[in-house]
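Numbering (our numbering), first residue to last: 1 to 593.
Here a beta-carbon is modelled for each residue, glycine too, at the ideal position from N, C-alpha and C.
First up is the structure itself, then whatever we jot down about it.
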């Protein structure tokens with residue numbers, strides 16, 4: 001299970017991804033500093049213009065007023081230059097920071113994709129696809145938005161608050177202490193609200209992942225939902241997940257948004273006190289009007305970063321929740337491999353030696369042993385859920401065994417790299433996996449560097465020629481989502497062609513249980529016969545002809561191997577296989593004949 005990380009741990013993880021792009025990020029943050037310096041300089045320039053006008057009016061003593069336009073003009077020009085620098089620095093900071101942050105998110109998404117490819121298959125048995133999609137899309141986007149919108153604000157808030165307080169102190173110490181007196185109260189309110197809302201933001205991210213999982217599940221099984229008239233059930237499941245997300249999102253934003261109103265009230269009280277004190281100082285001649293104006297402007301400027309605390313806190317909390325989910329996922333243990341053997345060139349034999357295996361602490365295989373020679377066919381039979389696929393999954397090292405070993409040519413497969421082991425194996429599944437793209441692209445997925453001649457030969461051998469002839473674009477036909485523009489039998493023919501192109505030494509074949517038309521059935525049988533030639537085959541068998549022709553039959557029951565032998569040997573035992581044969585396969589034999 002992913003572990004929760006602290007905020008500092010999340011930042012360390014994040015820095016690893018930021019580091020390659022940090023030059024532009026630092027350049028962008030430097031422009032943020034420049035923009036904030038101009039932000040601080042503007043009230044001073046504006047105040048000096050006001051003070052200069054006040055001095056010119058006072059110097060008249062009731063006579064003609066002589067405005068010193070050269071001085072005023074210089075001050076206005078300086079103010080214009082400050083505005084220009086501010087706009088330019090903000091533009092550059094946006095460009096540079098966006099570039100750095102988006103490259104960081106690009107690297108982060110790539111890291112997640114790499115992680116997914118290195119996780120054990122058991123992880124995906126216990127986690128929904130929607131949760132993974134949420135990490136790749138929503139959580140990354142949450143972190144991206146937080147960096148884009150809040151990193152500059154945080155730097156700007158800290159810098160501008162510090163500089164504003166310094167400027168206030170230099171203008172008027174009494175008014176400065178009036179402002180500072182209210183700040184502890186603002187901090188207490190902010191910290192209290194942040195602590196209360198962080199668990200709500202965590203729940204919000206989990207609710208979003210749950211909603212994604214529900215939607216993915218609904219669309220994945222849309223046909224079943226409709227055929228069983230369970231639209232209301234699906235709607236209720238969606239509404240429940242949507243309602244949960246609404247409630248957590250509302251609570252998160254509503255509570256975190258309380259920081260702004262409370263701080264604004266405190267600042268308004270401070271402004272009122274400073275205005276009263278400042279006007280009294282102007283009347284007494286102790287201060288210039290421009291200085292009071294600059295001080296009040298600084299209070300307003302101070303209100304901006306403080307009022308943004310609510311937005312910053314909610315964004316930072318969302319980002320922390322997203323980072324926690326992302327980096328705890330990236331910290332998950334990957335499949336372990338100890339490579340001590342060179343790649344295997346030919347298959348001489350395969351041995352399962354005293355295999356023990358449990359799934360989620362539930363013992364399945366206690367002491368499984370059998371031997372398979374080169375180019376033999378092994379038929380795996382058993383009731384639905386008996387553990388037929390589990391046996392082949394162990395050969396592919398999708399799951400680690402608890403005891404014993406699986407050996408190829410006497411070598412423990414644990415001593416081979418995953419790549420070298422899986423290069424030996426080809427798959428033809430009952431429910432074929434095909435991706436959106438052309439038929440040719442799906443065939444080329446088997447191996448790099450395939451020639452057109454190799455592809456054409458595989459198409460002919462897999463009896464796929466007739467199917468392609470009926471498609472308007474042939475090999476360039478675009479497959480829709482889940483290859484719905486092909487029949488189930490045609491999909492399996494396509495995966496047989498793909499397996500032929502890979503040319504594996506070991507073939508794992510899951511025979512289709514769904515019925516197809518007679519012509520396609522004959523093509524499918526012929527293609528399977530071709531793909532099984534000169535290969536060591538493990539067939540999850542549903543056809544009696546496959547079982548009868550097998551060199552070895554393995555009978556699975558409740559996840560364990562209970563019988564093994566040839567057809568005649570197993571019939572003679574009168575055990576589970578004999579019962580299966582008499583109850584299921586005899587009827588199938590009549591149909592095949």
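Taking the beta strand (DSSP E) that residue 369 falls in, what are its first and last residues? Counting from 1 along the chain shown, the entry for residue 369 is found at position 369. That run of the beta strand (DSSP E) goes 362 to 373.
Alpha carbon of residue 101 to alpha carbon of residue 50, nearest angstrom: On the chain shown, residue 101 is found 101 positions in, with the first residue counted as 1. On the chain shown, residue 50 is found 50 positions in, with the first residue counted as 1. Spanning the two alpha carbons is a distance of roughly 42 Å.
Measure the alpha-carbon distance for residue 566 versus residue 373 and round it to whole angstroms. Here the question's residue 566 lines up with position 566 in the chain shown. Here the question's residue 373 lines up with position 373 in the chain shown. The straight-line gap from Cα to Cα measures roughly 14 Å.
Roughly how many whole angstroms lie between the Cα atoms of residue 365 and residue 355? Stepping through the chain shown from its first residue, residue 365 is reached at position 365. Stepping through the chain shown from its first residue, residue 355 is reached at position 355. Cα-Cα distance, rounded: 7 Å.
Would the segment 408 to 423 and the segment 344 to 359 be scored as touching if the rule is three or more Cβ pairs under 8 Å? yes
Roughly how many whole angstroms lie between the Cα atoms of residue 13 and residue 20? To locate residue 13, count along the chain shown from 1; it is residue 13. To locate residue 20, count along the chain shown from 1; it is residue 20. For residue 13 and residue 20, the distance between alpha carbons rounds to 13 Å.
If I measure Cβ to Cβ from residue 428 and keep anything under 6 Å in the same chain, skipping five residues before and after, which residues do I get? The count along the chain shown starts at 1 and reaches residue 428 at position 428. 495, 496, 499 and 509, listed in sequence order.
Starting from residue 560, follow its DSSP beta bridges and name the residues at the other end. Taking the first residue of the chain shown as 1, we reach residue 560 at position 560. Per DSSP, the beta bridge partners of residue 560 are 557.
Please look up how many angstroms separate the CB atoms of residue 554 and residue 370, rounded, as I've assumed it's under 8 Å. If you number the chain shown from 1, residue 554 lands on position 554. If you number the chain shown from 1, residue 370 lands on position 370. Sure, about 7 Å apart at Cβ, within 8 Å.
Quick check: what's the CA-CA separation for residue 577 versus residue 379? Position 577 of the chain shown, counted from the start, is the residue given in the question as residue 577. Position 379 of the chain shown, counted from the start, is the residue given in the question as residue 379. Residue 577 and residue 379: Cα-Cα distance of roughly 12 Å.
Whole alpha helix (DSSP H) runs in the segment 268 to 299 with 4 or more residues, listed along the chain? Taking only runs of at least 4 residues, no alpha helix (DSSP H) segment lies wholly in the segment 268 to 299.
Euclidean distance between Cα positions of residue 575 and residue 544: For this step, residue 575 is matched to residue 575 along the chain shown. For this step, residue 544 is matched to residue 544 along the chain shown. Distance between the alpha carbons of residue 575 and residue 544 is about 17 Å.
Per DSSP, what kind of secondary structure is residue 321 in: helix, strand or coil? Within the chain shown, the letter at position 321 stands for residue 321. In the structure shown, residue 321 sits in a helix (DSSP, three-state: H, G or I).
DSSP on residue 435, reduced to helix/strand/coil? On the chain shown, position 435 is the one that residue 435 refers to. Coil.
Keeping to the same chain, check which residues put their C-beta closer than 6 Å to that of residue 151; ignore five residues upstream and five downstream. To locate residue 151, count along the chain shown from 1; it is residue 151. Correct list: empty, nothing qualifies.
So residue 144 and residue 212 are supposed to be a Cβ contact under 8 Å. How far apart are they, rounded? Numbered from 1 along the chain shown, position 144 holds the residue referred to as residue 144. Numbered from 1 along the chain shown, position 212 holds the residue referred to as residue 212. Contact doesn't hold; Cβ gap of about 17 Å is too wide.
Does the Cβ of residue 533 have 16 or more other Cβ atoms within 10 Å, making it buried, or fewer, making it exposed? Taking the chain shown and counting its residues from 1, one reaches residue 533 at position 533. Exposed, by the Cβ-count rule.
With DSSP as the reference, please indicate the residues paired to residue 356 in a beta bridge. Taking the chain shown and counting its residues from 1, the one referred to as residue 356 is at position 356. In the DSSP output, where bridge partners are listed per residue, residue 356 has 403.
Residue 158 - containing alpha helix (DSSP H), residue span: Taking the chain shown and counting its residues from 1, one reaches residue 158 at position 158. For residue 158, the enclosing alpha helix (DSSP H) stretches over residues 152 to 171.
Between residue 493 and residue 535, how many whole angstroms is the CB-CB distance? I'm expecting something under 8 Å. Position 493 of the chain shown, counting from 1, holds the residue named residue 493. Position 535 of the chain shown, counting from 1, holds the residue named residue 535. Between residue 535 and residue 493 the Cβ distance is about 18 Å, and since that is not below 8 Å, they are no contact.
DSSP three-state assignment for residue 350, whether helix, strand or coil: Along the chain shown, read from residue 1 onward, the residue named residue 350 stands at position 350. Reduced to three states, the DSSP call for residue 350 is strand.
Simplified DSSP assignment, three categories, for residue 331: As a working note, residue 331 is residue 331 in the chain shown. Residue state, collapsed to three classes: coil.
When the distance is taken between beta carbons, is residue 5 closer than 8 Å to residue 324? Numbered from 1 along the chain shown, position 324 holds the residue referred to as residue 324. Numbered from 1 along the chain shown, position 5 holds the residue referred to as residue 5. Yes, the pair counts as a contact, with Cβ atoms nearer than the cut-off.
Identify the continuous alpha helix (DSSP H) that holds residue 572 and give its terminal residues. The sequence position of residue 572 within the chain shown is 572, counting from 1. Unbroken alpha helix (DSSP H) run through residue 572: 567 to 573.
Would you list the residues sitting across from residue 426 in a DSSP beta bridge? As a working note, residue 426 is residue 426 in the chain shown. According to DSSP, residue 426 shares a beta bridge with 507.
CA-to-CA distance, residue 579 to residue 137, given in whole angstroms: Taking the chain shown and counting its residues from 1, the one referred to as residue 137 is at position 137. Taking the chain shown and counting its residues from 1, the one referred to as residue 579 is at position 579. Rounded to whole angstroms, the separation of the alpha carbons of residue 579 and residue 137 is 51 Å.
Which one of 25, 142 and 168 has the shortest CA to CA distance from residue 40? The residue given as residue 40 occupies position 40 in the chain shown. Answer by Cα proximity: 168.
Buried or exposed: which applies to residue 233, given that a residue is buried once 16 or more other Cβ atoms fall within 10 Å of its Cβ? On the chain shown, position 233 is the one that residue 233 refers to. Per the 10 Å Cβ criterion, exposed.
If you compare alpha carbons, which of 251, 214, 252 and 248 is closest to residue 236? The residue you call residue 236 lines up with position 236 of the chain shown. Nearest of 251, 214, 252 and 248 to residue 236, Cα basis: 214.
What three-state label does DSSP hand residue 443 in the structure shown? As a first step, residue 443 is located in the chain shown; it is residue number 443 there, counting from the start. Correct three-state label for residue 443: helix.
Residue 368 and residue 561: beta carbons closer than 8 Å? In the chain shown, counting from the first residue as 1, residue 368 sits at position 368. In the chain shown, counting from the first residue as 1, residue 561 sits at position 561. A distance below 8 Å separates the beta carbons of residue 368 and residue 561.
Please list the terminal residues of the continuous beta strand (DSSP E) segment that includes residue 540. As a position in the chain shown, residue 540 is number 540, starting the count at 1. Run containing residue 540: 536 to 540, per the beta strand (DSSP E) assignment.
Residue from 353, 458 and 459 whose Cα sits closest to the Cα of residue 408: Here residue 408 is taken as the residue at index 408 of the chain shown, counted from 1. When each option's Cα is compared against that of residue 408, the closest is 353.
Leaving out five residues before and five after residue 28 in sequence, what residues of the same chain have Cβ atoms less than 6 Å from its Cβ? Here residue 28 is taken as the residue at index 28 of the chain shown, counted from 1. For residue 28, where only same-chain residues beyond five positions count, the Cβ hits under 6 Å are 93, 96 and 97.
What is the residue span of the alpha helix (DSSP H) that residue 241 lies within? Locating residue 241 in the chain shown gives position 241, where the first residue counts as 1. Note, residue 241: alpha helix (DSSP H), 231 to 256.
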